[in-house]
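Heads up, the sequence shown is in UniProt numbering, so the first residue is 1 and it goes up one at a time.
Positions of the beta carbon are idealized from the N, C-alpha and C atoms, including for glycine.
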Amino acid sequence: MRGLVPLVAVALVAGTSAAAAQAAGAAPGVRPAAGADPGCLLSRPDNAVKHVIYLQFDNVHLTRDNPNVPSDLEQMPNLLNFLTANGTMDANHHTPLIAHTGNDILTSITGLYGSNHGQPISNSFRYYTPSGTTNAAASFAYWTDGVADSSTPTPTDPAYEMVTQSGKNTPAPWVAYTRAGCDFGAVSTANTILENTRIDIPKVFGANSAEAAELAANPSLAFTDFVGIGVHCAKDSTLCAGSPNAKPDVLPDEPGGYSGYQGLFGAKYTNPAISPNGPVTQVDGTTPIIDPTTGANGFPGFDGMTAANSLGYVAQMQEAGVPVTYGYISDAHDNHSTGSAYGPGEAGYVAALKSYDTAFGQFFTRLAKDGINKSNTLFVVTSDENDHFVGSKPTPANCDGVTVPCAYSQIGEVNANIKGLLATQQNTTTPFGVHADSAPNYYVNGNPAPDDPTTRSFERSVAAVTATNPYTGKTGPIANYLADRTEMNLLHMVTGDPLRTPTVTEFADPDYYLYGGAANCNSPCVQAEAAYAWNHGDFSPDINTTWLGLVGPGVKHLGVTDAVWSDHTDIRPTMMALLGLHDDYTYDGVPLIGFLKSQALPHEVRRDPGAYEALAAAYKQLDASVGAFAAATLKTATTAIESNSPGDATYLQTDAALAALGQQRDALAAELNQLINGPFFGGADSGYLHAELAPHGIQGTGHNSVTALTSAAEALINKA
Numbered sequence: 001m002r003g004l005v006p007l008v009a010v011a012l013v014a015g016t017s018a019a020a021a022q023a024a025g026a027a028p029g030v031r032p033a034a035g036a037d038p039g040c041l042l043s044r045p046d047n048a049v050k051h052v053i054y055l056q057f058d059n060v061h062l063t064r065d066n067p068n069v070p071s072d073l074e075q076m077p078n079l080l081n082f083l084t085a086n087g088t089m090d091a092n093h094h095t096p097l098i099a100h101t102g103n104d105i106l107t108s109i110t111g112l113y114g115s116n117h118g119q120p121i122s123n124s125f126r127y128y129t130p131s132g133t134t135n136a137a138a139s140f141a142y143w144t145d146g147v148a149d150s151s152t153p154t155p156t157d158p159a160y161e162m163v164t165q166s167g168k169n170t171p172a173p174w175v176a177y178t179r180a181g182c183d184f185g186a187v188s189t190a191n192t193i194l195e196n197t198r199i200d201i202p203k204v205f206g207a208n209s210a211e212a213a214e215l216a217a218n219p220s221l222a223f224t225d226f227v228g229i230g231v232h233c234a235k236d237s238t239l240c241a242g243s244p245n246a247k248p249d250v251l252p253d254e255p256g257g258y259s260g261y262q263g264l265f266g267a268k269y270t271n272p273a274i275s276p277n278g279p280v281t282q283v284d285g286t287t288p289i290i291d292p293t294t295g296a297n298g299f300p301g302f303d304g305m306t307a308a309n310s311l312g313y314v315a316q317m318q319e320a321g322v323p324v325t326y327g328y329i330s331d332a333h334d335n336h337s338t339g340s341a342y343g344p345g346e347a348g349y350v351a352a353l354k355s356y357d358t359a360f361g362q363f364f365t366r367l368a369k370d371g372i373n374k375s376n377t378l379f380v381v382t383s384d385e386n387d388h389f390v391g392s393k394p395t396p397a398n399c400d401g402v403t404v405p406c407a408y409s410q411i412g413e414v415n416a417n418i419k420g421l422l423a424t425q426q427n428t429t430t431p432f433g434v435h436a437d438s439a440p441n442y443y444v445n446g447n448p449a450p451d452d453p454t455t456r457s458f459e460r461s462v463a464a465v466t467a468t469n470p471y472t473g474k475t476g477p478i479a480n481y482l483a484d485r486t487e488m489n490l491l492h493m494v495t496g497d498p499l500r501t502p503t504v505t506e507f508a509d510p511d512y513y514l515y516g517g518a519a520n521c522n523s524p525c526v527q528a529e530a531a532y533a534w535n536h537g538d539f540s541p542d543i544n545t546t547w548l549g550l551v552g553p554g555v556k557h558l559g560v561t562d563a564v565w566s567d568h569t570d571i572r573p574t575m576m577a578l579l580g581l582h583d584d585y586t587y588d589g590v591p592l593i594g595f596l597k598s599q600a601l602p603h604e605v606r607r608d609p610g611a612y613e614a615l616a617a618a619y620k621q622l623d624a625s626v627g628a629f630a631a632a633t634l635k636t637a638t639t640a641i642e643s644n645s646p647g648d649a650t651y652l653q654t655d656a657a658l659a660a661l662g663q664q665r666d667a668l669a670a671e672l673n674q675l676i677n678g679p680f681f682g683g684a685d686s687g688y689l690h691a692e693l694a695p696h697g698i699q700g701t702g703h704n705s706v707t708a709l710t711s712a713a714e715a716l717i718n719k720a
């Protein structure tokens, strides 16, 4: 693993892990476990888990971005040591595509790729209108919202924001918990809370409600009061029953129905329920959480969800009897007060990580006093994605950030005006919309077919665009890879809403961020932009490889390991397997058996875990967005898209072959998925390792079928 060093062998770790050690077990003066609600049935046979704490960072790294500068997690030893000393830190964990906060978090909390939850392109996307042009919509919107286009009250696309392949609203991640009698606390976690005021307040509270009146009178205060914080209550929840401001928790398409449930939406109504004796505070227990814009106690904004603020809300919810809490923590590498970015080892970055480390120390100490620890709590901690740093070399060259601060003469992604470059270099003026990104998505006006000459000419032009990188001085193509609709489907990027499917996606050199400006270069078309320096979205190992930490009953103590290849889709089924819960849909991911103790495994898997792990490993490389099959097909698709043979024969033949290969992949992946997930979620006798495999020309049981299936997966990968 790039930059992976002995993670506790750095000077700043010494003497900082007492709080983490306390949270691992009983602490002096421990109180009875907070919120140990007998009505909440996290129903493994031993029922050891009483609490679930899920935390997802924005762009926090396990590996080093500069070999001399300790990584983000190395500079947060209270968290790192808690995870490695008490559980498993998976250093071989991966993102879906495209790798952005919205898609990554939604994939993590559902176990579904973007094709099945509806937001593979984020943190915004475009959709085709009846005119043939496109409008922009946000990826962050409440779970049941329609397309979140703030430019119009009536978007022409009638689809849900969160949409399944059949056009239904994606099943919600809190349902498995609330049906089990457990309140679900949401702390700034994507789309589980209100994300905006204009669309969400009238939707949840009503157009003529007091909340809507507050929005009209004071929009900033309405944001503080109603966005970002909430609780989805179980049916018998005293929290919602005791609040006059609880509202119906409506999920119109939830499998099996979902009626009679309520929720608390916004800090204005959540705070009094979880902290009746005073304001909700930061994790230190003394500093009120304030929105700096309004000065009011409440939601401080998404960028304001620092470790101190987010962990403060999580701890307060747990102490108030909310046994399941999901929290988002904003990144540490941006200066949110000035709108600029830090480089690795810069003083401001190091200070931010130090504050995060302090917050985690306070968090674990506070939980330990509440009796919330590894013996009764499932802790899941991860990051949405890694990033690619764009900036000059640091000075001094041997700076480590901790003892010698780093400085940079220039920091910032390389912004490229793709419309100007296409017009001036390729004489291409085809009208199109673009979702600006390092992995930009292009929507050619009129929504032409993939083999339309307009589409093909446009794709070749995009592939041919070059630029001179101001950091390296080298001139070369901007595009690393291109994915047409066939390839996007193989990468799990095509949803149940055809209006939001791009014409083509470009995975650029990760130094670049492409946007649609003027169709000329009268102003420079390529220049560094200081506001942003940490690119993601691309198909690139330094972006797509991230980490996952697990601690709690049923989790092995492996420390740091890269033995299991996993991705974000595996988090949800792993959690459900540990908790004895299930969702009413099929996951794209699988339980990570390599990280689970024997007693956490179904009997059928326990008989032969090696066979299960072999199937799971083959499945991941075959089906994952950044697995071996995807990597191979993306290279093949790029070559075909760039081609210009007579009659476009190379492209047409390759595209047809990839489509056929995709159908074979989908059929085999579905078979593997059923065999792997069946023992956990499909009943006592799933037929695991004893299935008739005739659809694949395979007969047999036990190891013979495992070998045949894994060989079939490898053959498809090699064929790609």
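Check your understanding: Going straight from the alpha carbon of M317 to that of W534, what length do you get?
Key -> Reading the sequence shown from its first residue, position 317 is the one you call residue 317. Reading the sequence shown from its first residue, position 534 is the one you call residue 534. The alpha-carbon atoms of M317 and W534 are separated by roughly 32 Å.
**Study point:** Beta-carbon contacts of Y128 that lie in its chain and below 6 Å, excluding the five residues immediately before and after
**Key:** Numbered from 1 along the sequence shown, position 128 holds the residue referred to as residue 128. Within the same chain, Y128 has close Cβ partners T134, N447 and L499.
Practice item. Give the single residue among N297, T192 and P344 whose Cα lies nearest to the Cα of S275. Key: Residue mapping note: residue 275 aligns to position 275 of the sequence shown, counting from 1. Nearest option by C-alpha distance: N297.
Practice item. Please go through the same chain and pick out, in chain order, the residues whose beta-carbon is closer than 7 Å to the beta-carbon of residue 734, but skip the five residues on each side of it. Key: Outside the modelled stretch of the chain, which goes from 1 to 720, sits residue 734, for which no answer is possible.
Check your understanding: In three-state terms, what does DSSP make of T101?
Key -> Residue numbering aside, residue 101 sits at position 101 when the sequence shown is read from its first letter. Reduced to three states, the DSSP call for T101 is helix.
Practice item. Provide the residue span of the beta strand (DSSP E) that contains I53, from first to last. Key: Reading the sequence shown from its first residue, position 53 is the one you call residue 53. That run of the beta strand (DSSP E) goes H51 to F57.
Practice item. Could you check how far apart the C-beta atoms of F57 and S383 are, in whole angstroms? I think they sit under 8 Å. Key: As a position in the sequence shown, residue 57 is number 57, starting the count at 1. As a position in the sequence shown, residue 383 is number 383, starting the count at 1. 4 Å between Cβ atoms; contact.
Practice item. Give the DSSP-derived three-state secondary structure of N480 in the structure shown. Key: Numbered from its first residue, the sequence shown carries residue 480 at position 480. If DSSP states are grouped into helix, strand and coil, N480 belongs with the strands.
Exercise for review: Grab me the residues of Q426's own chain with a C-beta within less than 8 Å of its C-beta, minus the 5 sequence neighbours each way, in chain order.
Suggested key: In the sequence shown, the residue the question calls residue 426 occupies position 426. Hits under 8 Å: S461, A464 and V465.
Check your understanding: DSSP three-state call for L548: helix, strand or coil?
Key -> If you number the sequence shown from 1, residue 548 lands on position 548. Three-state DSSP puts L548 in a strand.
**Study point:** Same chain, Cβ closer than 7 Å to N66, five either side skipped, listed in chain order
**Key:** As a first step, residue 66 must be located in the sequence shown, where it is residue number 66. Hits under 7 Å: P344, G345 and P394.
Review point. Which residues does DSSP pair with E413 in a beta bridge?
Key: Position 413 of the sequence shown, counting from 1, holds the residue named residue 413. Beta-bridge pairing links E413 to E529.
Review point. Heavy atom of the ligand SAM less than 8 Å from the Cβ of N135, yes or no?
Key: Summarising the ligand content, the structure contains no ligands, and the ligand SAM is consequently not present.
Review point. Just the Cα atoms here: how many angstroms apart are A137 and A332?
Key: As a position in the sequence shown, residue 137 is number 137, starting the count at 1. As a position in the sequence shown, residue 332 is number 332, starting the count at 1. Each residue's Cα considered, the two are about 27 Å apart.
Practice item. Compare the Cα-Cα distances from I641 to each of F458, P573, D236 and S540 and report the closest residue. Key: In the sequence shown, residue 641 corresponds to position 641, counting from 1. It is F458 whose Cα lies nearest to the Cα of I641.
Check your understanding: Grouping DSSP H, G and I as helix and E and B as strand, with all else coil, what is T503?
Key -> The residue labelled residue 503 in the question sits at position 503 within the sequence shown. DSSP places T503 in coil when its eight states are reduced to three.
Practice item. Compare the beta carbon distance of A508 and N480 with 9 Å and say whether it is the shorter of the two. Key: Position 508 of the sequence shown, counted from the first residue, corresponds to residue 508. Position 480 of the sequence shown, counted from the first residue, corresponds to residue 480. Yes, the Cβ-Cβ distance between A508 and N480 is below 9 Å.
**Study point:** Residue of A159, A190, N208 and G412 minimising C-alpha distance to H388
**Key:** Translated into the one-based positions of the sequence shown, residue 388 becomes position 388. Measuring from the Cα of H388, the nearest candidate turns out to be G412.
Point to revise | V494 and H51 closer than 9 Å at C-beta | key: The sequence position of residue 494 within the sequence shown is 494, counting from 1. The sequence position of residue 51 within the sequence shown is 51, counting from 1. Cβ distance not < 9 Å, so V494 and H51 don't count as in contact.
Review point. So, are the CB atoms of A273 and D200 less than 9 Å apart?
Key: The residue you call residue 273 lines up with position 273 of the sequence shown. The residue you call residue 200 lines up with position 200 of the sequence shown. No, they are not a contact pair.
**Study point:** Pairwise C-alpha distance: G549 and P679
**Key:** Position 679 of the sequence shown, counting from 1, holds the residue named residue 679. Position 549 of the sequence shown, counting from 1, holds the residue named residue 549. Going from the Cα of P679 to the Cα of G549 covers about 24 Å.
Exercise for review: Just the C-alpha distance for A467 and G473, rounded to the nearest angstrom, thanks.
Suggested key: For the purposes of this step, residue 467 is identified with residue 467 of the sequence shown, where counting begins at 1. For the purposes of this step, residue 473 is identified with residue 473 of the sequence shown, where counting begins at 1. So the two alpha carbons sit approximately 10 Å from each other.
Point to revise | Those residues which DSSP pairs with P394 across a bridge | key: Taking the first residue of the sequence shown as 1, we reach residue 394 at position 394. Paired residues: Y408.
Check your understanding: For the putative contact between F681 and H582, defined by C-beta atoms under 8 Å, what is the C-beta separation to the nearest angstrom?
Key -> As a first step, residue 681 must be located in the sequence shown, where it is residue number 681. As a first step, residue 582 must be located in the sequence shown, where it is residue number 582. So it is a contact: roughly 5 Å between Cβ atoms.
Point to revise | Own chain residues within Cβ distance below 8 Å of R198, not counting five before or after | key: For the purposes of this step, residue 198 is taken as residue 198 along the sequence shown, with counting starting at 1. Answer for R198: S150 and L215, listed in chain order.
Point to revise | Beta-carbon proximity list for V444, same chain, < 7 Å, skipping 5 on both sides | key: In the sequence shown, residue 444 corresponds to position 444, counting from 1. Contacts found: T430, F432, T454, T455, F458 and T503.
Practice item. For I290, name the three-state secondary structure that DSSP assigns. Key: Walking along the sequence shown from the start, residue 290 turns up at place 290. In this structure, I290 counts as strand in the three-state DSSP scheme.
Practice item. Would you grab the beta carbon distance between C525 and N417 for me? Rounded to a whole angstrom, and I think it's under 8 Å. Key: Walking along the sequence shown from the start, residue 525 turns up at place 525. Walking along the sequence shown from the start, residue 417 turns up at place 417. With a Cβ gap of about 4 Å, C525 and N417 count as contacting.
Review point. Along the chain, where does the alpha helix (DSSP H) that runs through Y651 open and close?
Key: By 1-based counting over the sequence shown, the position of residue 651 is 651. Run containing Y651: A649 to F681, per the alpha helix (DSSP H) assignment.
Point to revise | Reference G256; option with closest CA among G278, V380 and P171 | key: Taking the sequence shown and counting its residues from 1, the one referred to as residue 256 is at position 256. Looking at the Cα atoms, P171 is the closest of the given residues.
**Study point:** Residues near E161 by beta carbon distance below 7 Å, same chain, minus five either side
**Key:** To locate residue 161, count along the sequence shown from 1; it is residue 161. For E161, where only same-chain residues beyond five positions count, the Cβ hits under 7 Å are G118, A141, D145, G146, V147 and A148.
Review point. Taking just the CA atoms, how far does A180 sit from G285?
Key: Counting from one through the sequence shown, the residue named residue 285 turns up at place 285. Counting from one through the sequence shown, the residue named residue 180 turns up at place 180. Straight-line Cα distance between these residues: approximately 30 Å.
Point to revise | Simplified DSSP state of N522, which is helix, strand or coil | key: As a first step, residue 522 is located in the sequence shown; it is residue number 522 there, counting from the start. Three-state DSSP puts N522 in coil, outside helix and strand.
Review point. Which runs of the beta strand (DSSP E), 3 residues or longer, sit entirely within the segment 75-99?
Key: 88-94
Check your understanding: If you run the structure through DSSP and keep just helix, strand and coil, what is N718?
Key -> Locating residue 718 in the sequence shown gives position 718, where the first residue counts as 1. DSSP places N718 in helix when its eight states are reduced to three.
Exercise for review: Take I571 as the anchor and find which of L367, T192 and L378 has the nearest alpha-carbon.
Suggested key: Mapped onto the sequence shown, residue 571 falls at position 571. Taking only the C-alpha atoms, the option nearest I571 is L378.
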